[in-house]
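Respectively, the protein sequence lines represent chains A and B. What the first sequence shows, in the working numbering, is residues 7 to 678, in sequence order. What the second sequence shows, in the working numbering, is residues 7 to 678, in sequence order. Heads up, the beta-carbon is just placed ideally off N, CA and C, and yes, glycines get one too. Nothing here was measured: the structure is a model prediction, and the numbers come from that model.
There are 2 protein chains.
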Amino acid sequence: MPVSNTPPTEKFPEDGRRRVVFEGVAPEIEGGRYPVKRVIGEKVIVEADIFADGHDEISAWLLFRHQSEMQWRKTPMQFLLNDRWRAAFTVEELGIYHYSLAGRIEHFSTWKHDLDKKYQAGRFLEIERLIGVEFIQEAADRAGDKDALLLRKYAERIRDAKDDAQALAVAREEELAELMAIHHNPELVTHYERQLSVAVEPEKALFGAWYEFFPRSAPSGGKGHGTFRDCEQLLPEIARMGFDIIYLPPIHPIGLTHRKGKNNATIAREEDPGSPWAIGSPEGGHTETHPKLGTIEDFERLLAQARGYDIDVALDIAFQASPEHPFVRQHPDWFRWRPDGTVQYAENPPKKYEDIIPFDFESNDWKGLWRGLRDIFLYWIEKGVTIFRVDNPHTKSFGFWEWTIAEIRKDHPEVIFLSEAFTRPKVMFRLAKLGFSQSYTYFSWRNTKRELEQYLTELCTPPAREFFRPNFWPNTPDILPEILQYGGKPAFLIRHILASTLSASYGIYGPAFEMFVNQAIPGKEEYLDSEKYEIKNWDWDDPENMRDLIARINQIRRENPALQTTWNVNFCQTDNDNILCYTKISEDRENLLLIAVSLDPFNRQAGNIQIPLDILEIPAEQPFLLHNLLDDTRQICNTEWNRVELHPGDVPAIIYRVNRRLRREQDFDYFM
Amino acid sequence: MPVSNTPPTEKFPEDGRRRVVFEGVAPEIEGGRYPVKRVIGEKVIVEADIFADGHDEISAWLLFRHQSEMQWRKTPMQFLLNDRWRAAFTVEELGIYHYSLAGRIEHFSTWKHDLDKKYQAGRFLEIERLIGVEFIQEAADRAGDKDALLLRKYAERIRDAKDDAQALAVAREEELAELMAIHHNPELVTHYERQLSVAVEPEKALFGAWYEFFPRSAPSGGKGHGTFRDCEQLLPEIARMGFDIIYLPPIHPIGLTHRKGKNNATIAREEDPGSPWAIGSPEGGHTETHPKLGTIEDFERLLAQARGYDIDVALDIAFQASPEHPFVRQHPDWFRWRPDGTVQYAENPPKKYEDIIPFDFESNDWKGLWRGLRDIFLYWIEKGVTIFRVDNPHTKSFGFWEWTIAEIRKDHPEVIFLSEAFTRPKVMFRLAKLGFSQSYTYFSWRNTKRELEQYLTELCTPPAREFFRPNFWPNTPDILPEILQYGGKPAFLIRHILASTLSASYGIYGPAFEMFVNQAIPGKEEYLDSEKYEIKNWDWDDPENMRDLIARINQIRRENPALQTTWNVNFCQTDNDNILCYTKISEDRENLLLIAVSLDPFNRQAGNIQIPLDILEIPAEQPFLLHNLLDDTRQICNTEWNRVELHPGDVPAIIYRVNRRLRREQDFDYFM
């Protein structure tokens, strides 16, 4: 055997005796670069390929801890198939959880099972028994007092057993297995090399009904400009409709320079109130309120009143300025300046948006800018706001958002950020990965069965499912989708039912939505006479509205846990492409919903839907009850395919609750 | 504006002004934990999602360098679609290449294109021109002497242009674009946070024909035990068959204790030579040769002779010992010992393999063991061996292999390791990831069209394609697949043609294979009277063999670059499931092969195959020539579907070379 010529410069691993390996860990986003997302009470199901060389048995466990905990908690992983293992934990506190994996060779179990096989084969086990005795004695050496005594006793009993059968019986004792597991050799445990993270947010980050309205359009009793006090008057009706979150467009002073007039006219009239998104005037910027809406104290009072109805108030954070915004004077280096000494306005050449000035994220004072913008959030958090709808986050740098959201969550893990990024898919996903709780989506433009099934499947499947929470909006002040323009009232019903039952988070821009407003600028998806540029006098007493249906559906959402999560949708076969059908099943499998929605606002649609008896766990031929929660009718079925008829003149949808536990003959004993 | 209450403990990124981001980089195995694999001359095509906030134009480039280079080389990435970018580089040296990505905002191009749009819209550009002038002056400040002068000249020309049209023309000059690209602000460049790696191996790691034989069965002229010298006599015929690698089962002294007899009998007769895998006797271990084969010098002579035929000799490295292996005395701590003082033999309870002693990879002297085993490779490398077939690597620890292969490649990047891991898929893939050049595969048991198509697709698609190189073996001394047992001579032809045309690396265990040996132990895939346990007297002059066909196919492989890579298989439609049809196309698209193989060894199979004209880039209706390289016949076609007939009595396959450049009327001008 020759001596090696290579100098001893080898880099060895920490302990080469550790033989278990980990691969394909899921969830794991971009190699652990980003946390996965959960809300309180949700599970994190962790899977991995875990194996070792050779044929020894192994065991593996999932390690997890809240960021505030020093000690890892452990749960054993279960073997699935093809070297895949699984375990889960439930997150119970806001903030960050960490998780990782560990595994080891189970020498003692391997020995025990081999001993059994050898015994069955009639082999003489004297020496084999002593091998097990050695394992037990090594464990005893590692164990403290009491367990060491117990283990040594087992070692003696196996060594001194009168025959192999007796030795085997002792080896199989449960207490011995437990002691051996506790006192395994920790030096030989392999740890997965990455620590992964879960960002845990409040339940409202997943489940909530949003109602957006312009506070200046609140009924003002003839004043012409609604106030925060006027908004208080709307709370009972908004609460009756069942919304949990009201979201207000920006409430700050509005610039005068280049103010936009009615229908986005470039020249405003004297009486035009301007777009709330043109933030800042000599009266203040992002931390002041518009004088006509009221004072900060008035806003805080509205917050308190809303809280009395279990309603949160979400603010719109739009990081841009009007030319008069105080920042322009205070922090000229946060903006780009033109050679003529004016500040650079927003543009999309050849179009100019001279009422809006973007921040310069390549400013040399980028740290000052980041701190300044973060502090706007902190200001409103201090006033009691915990939900922010962020305007156009995709036009501010990604690094800024990742830093800001992390900064805020250090002290305020309860804060929810909704990303208003109607942009390219990779950009929307990136914003979600780096911290936004929720995002607007392409739902607004997905109308056909195929589009809806594909999109929901993408959103509910890893990787998106791990970091991207959709919030479905049938309309917004910026978007009046074509289907609402041409589909009339039935289209509003259809889109509302789809949004509120496909996604646990949804929202509407009202009262335009529930009052079926559908006049657009021709050829566009912009509202004609958009509320963005003028104050509306909505007639809240007009009976032509869908508030009762909204209230009914929000009540159904509250009463049915299956609608309180987004990830459990399962599409069913139908023989009519104008009928979308899906189940939603609660995690405990007690709450089963079967939903059918017509996608056609014009015509009666009839067809057969396939009830997935296997998924609902209903044995073939067993009758089950379908209870339509929308009209409170009931029917008993026992077939897989069932006919439905949906009428645009009526509510063009069915929300069945499935009761699979009908009383049957064999049940009577229990009742009689 | 309130002052923030949070203390200034924020963790900022290095430079928050860098706005380009990278995601979804491919290839990237387990977040960059493992290198991807290439052989010299292959391309690495790198893709990533690359984007920034907002609407500014960006550029991106791929950085790469060989480990021996200090400077990164650069190549620009091309935008594909949906924020995806791509670039490629070709690896030209053995060892490790690193690659990463960089990107930046293209302020100057953005300005130039916006200027153009504004000009088209009839806007007055005086101020806009000055913005560009500022960009150019900043670049001039960064540039040294000559370029600074050039840039300042451009700035003047844009500023002083007589009108906007002239300014725009200057702004568009190519030289200016180049200068601006060279002198961009390096502070604002974003680098992808990971450096990824490519392990580059010799071409034989991808393309090679292996011939395995037992040297002790080489015709020995009546001596009863072949020698290395006898093996030399076989080289001309092995070279004529076209093999590049001969692979010898272990050539070391064989243990006597518990030696296995004929057909794996537990008691050997005096004359039984034992299994070559029971390595070690008082005559030596892994670095000695079996005395009856010859000396180390004889072996080196065989190596030199083989090299004269462009043939490499691959050795079998089996890390296990017979009870008499010198290691057992020299390094007792490398083995496990039983309580009765004997060394622990291999077992799969209740079966015992007392002739084989495994190493203990949980030895406290694991570093000594790892060094000792590595040194066995280094010993043979010093003798001139650069290809190793590693026996059962999956029963040695993964950490050991990763360390050993990296250690060896530090000085010997030319070494090729073939993993003989017939085991679970995740385990086989893991061994590939951590460094094995090639692996045996499940090909030996994939016989139907569906199985073959699925398996090849899996192997040729990321992620497997990036790290797992298959080596297809129709038989081995351990495996006589059922199809060869029952399918007779046509099955041998079919399996050989599939192996040698589906995979650039393939091998056979001969002469058993080419002489159609198909007698198995009943109910098993083990050879009856296996050569593992006895010396065979092969009649190399027996005309009942397929050596001419093997020679023909290896010649076709050498003449057709399309067969020299594995990743370019594309399956074609056929209307007969007993006919497998596929194209192989060289990277330069000059060498087009269309291959059809019958999967039925018993019956004539006829059917239609669909020639993928789009993939072959043949316009509809254009005639093309099909040249069957197996029988040198030719036919002209101009249809998509073509009939083939394959006979088990003949060669049940066709290997067409497609010539799509037939001389046509319009070509005559060039020739006349």
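The C-alpha of A:A127 is placed about 45 Å away from the C-alpha of A:K49.
In the assembly as shown, A:P221 is a buried residue. Its beta-carbon has 16 or more other beta-carbons within 10 Å. A Cβ of chain A is located within less than 8 Å of the beta carbon of B:L136. For B:E209 and B:E99, the gap between their C-alpha atoms comes out near 11 Å. Secondary structure of A:D545 (DSSP, three-state): coil. Using a Cβ distance threshold of 8 Å, A:G347 and A:V206 do not count as a contacting pair. Straight-line measurement puts the Cα of A:L136 at about 30 Å from the Cα of B:W283. Taking the beta carbon of B:A127 as reference, the chain A residues within 8 Å of it are P355 and P356, listed in sequence order. Counted as a single uninterrupted DSSP element, the alpha helix (DSSP H) harbouring B:S115 occupies residues H113 to Q126. In the three-state DSSP reduction, A:L598 falls in the strand class (E or B). In this structure, B:I257 sits away from B:Y217, with a CB-CB distance that is not shorter than 8 Å. Residues of the segment 599–632 of chain B with a C-beta atom less than 8 Å from some C-beta of chain A do not occur. Contact check for A:M186 against A:A161 fails: the beta carbons are separated by 8 Å or more. Residue environment for B:S74: exposed (fewer than 16 other C-beta atoms within 10 angstroms of its C-beta). Taking 8 Å as the upper bound for CB-CB distance, B:R452 and B:Y446 are not in contact here, some 13 Å apart. B:E330 and B:G261 have their C-alpha atoms some 6 Å from each other. Cα atoms of B:E426 and B:Q311: separation of roughly 27 Å, rounded to the nearest angstrom. The beta-bridge partner set that DSSP reports for A:K357 consists of A:N354. The shortest C-alpha to C-alpha distance from B:T645 to any of B:L635, B:R667, B:P618 and B:Y125 is the one to B:P618. Contacts between B:I133 and chain A, judged by CB atoms closer than 9 Å, involve R344, P345, D346 and T348 in chain order.
Pairwise C-beta distances place the segment 32–44 of chain A in contact with the segment 465–481 of chain A, as three or more of them are shorter than 8 Å. For B:C643, the uninterrupted beta strand (DSSP E) segment begins and ends at T639 to C643. Burial is judged here by how many other beta carbons sit within 10 angstroms of a residue's own beta carbon; A:T410 has at least 16 and is buried. Nearest to A:T293 by C-alpha distance, out of A:D547, A:I323 and A:F70, is A:I323. The segment 625–634 of chain B makes contact with the segment 643–657 of chain B: 3 or more CB pairs, one atom from each, lie closer than 8 Å. When DSSP reads this structure, B:I260 sits in a beta bridge with B:I285.
The beta carbons of B:Q201 and B:S106 sit closer together than 8 Å.
In this structure, the beta-carbon distance from B:H61 to B:Y103 does not fall below 8 Å. Remark: C-beta atoms of A:S226 and A:I285 do not approach each other more closely than 8 Å.
For A:V176, no Cβ of chain B is located within less than 8 Å of the residue's own Cβ. In summary, B:D120 is buried, with 16 or more beta-carbon neighbours lying within 10 Å of its beta-carbon over all protein chains present. Chain B places no beta carbon closer than 8 Å to that of A:T467, leaving this residue out of the contacts. Under the Cβ distance rule, B:E36 counts among the residues neighbouring chain A, one pair being separated by less than 8 Å. Boundaries of the alpha helix (DSSP H) around A:R246: F234 to M247.
For B:P431, the neighbours in chain A by C-beta distance under 9 Å run, in chain order, N88 and D89. A:I142 is a Cβ neighbour of A:L157, given a cutoff of 8 Å.
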